[in-house]
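So for the sequence shown, our numbering puts the first residue at 165; every next one is plus one.
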Amino acid sequence: MTPLFGPAGNCDSFTKQYKSSVHAPAWLRDMGLDCYEYQCGRGVNVGKDTARAIGLAAKEAGIVMSLHAPYFINLSGDDPQRVEKNVEYILQAARACAWLGGDRIVVHCGGLSGMERETAMAHTLYNLREALRALEQEKLDHIRLCVETMGKINVLGDGGEVCRICQSDERLLPCIDFGHLNARTGGHMSTEEEMAALLDLLWNTLGEARARAFHAHFSKIEYGKGGEVRHLTFDDAVFGPEFIPLARLLTKRRLAPRIICESAGTQAEDALLMKQQFEQAIQEEQL
Ligand SMILES: [Zn+2]
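In structure tokens:
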């Protein structure tokens, strides 16, 4: 098992050349990448035929697929109609993910909207229970639901909260967004020590299997008082985090997360840079 690297959606250099994502898997393989996260943040608008065509192209290229579920899913709401809608959006995302031949969907934690964190946590656990039940009923439970750590402070989803959520059901996987965690802690997810502490937390709360094969997002993110402001590219030298400390830890601990780069416009190029830094870390360790 080795980490996989790929982009979130299509980068600028791809969209300059191609109109359809059907061409993305072969293009990513030719670059040397391993995986691709299809973006449905604004809603699941992809049709069955297109999704299946992308899935076939991914299979042929050996590209591992996942899907980002809509941002408007609000897991911290408890209004029954809201819960029902959340479940339906998650089902739509899982269906599209299955057409793509993928095995993971990523979902955001919800905002606090004045609630205590514990109340938002209880609502989140309830929403996810309902979603897992619906996935099982539709025989879509081979699609893993990944719960993402969030970049804004007034939103549920720091490292501990995401681990607690994933402890509620072993089918849930954490999506560790290192840029988000760095943003919400004012820059404290950037050293090898800080990243090691997070990996320890995953190991101690979720066990070996999930601590080895977790889902991850990695990008540099500008932050302010409230946390995340905007996604940057790897050219940024101010906000971070850098990937090299994580590459060293993945090597030392033999971890194999799937790492999706969400850089603004250069996500495939930056994913490749991470893969190269990881390979460099392996070489250094063997010296
Ligand atoms: Zn996300």
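We put the CB at the ideal spot given by N, CA and C, even for glycine.
CA-CA distance, ALA286 to GLY315, rounds to 20 angstroms. Closest in C-alpha terms to TRP191, from the list ALA258, ALA432, GLN441, GLU443, comes ALA432.
When rounded, the separation of the alpha-carbon atoms in GLU449 and THR415 is 8 angstroms.
Residues MET285, THR369 of the same chain have their beta carbon placed closer than 8 angstroms to that of ARG328, with the five preceding and five following residues left out of the count. In the DSSP assignment, ALA428 falls outside any beta strand (DSSP E), carrying neither H nor E.
Burial state of VAL210 is buried, judged by a 10 Å Cβ sphere holding 16 or more other Cβ atoms.
Chain order is used for the residues whose beta-carbon lies nearer than 6 angstroms to a heavy atom of ligand 1, namely HIS232, VAL270, HIS272, GLU312. DSSP, read as helix, strand or coil, puts LEU231 in strand. Residue environment: ASP341 is assigned as buried (16 or more neighbouring CB atoms within 10 Å of its CB, all protein chains considered). Under DSSP, LEU309 takes part in a beta bridge, and its partners are ILE269.
The alpha-carbon of SER177 is positioned some 8 angstroms away from that of GLY429.
In the three-state reduction of the DSSP assignment, ALA361 falls in the helix class, which pools H, G and I.
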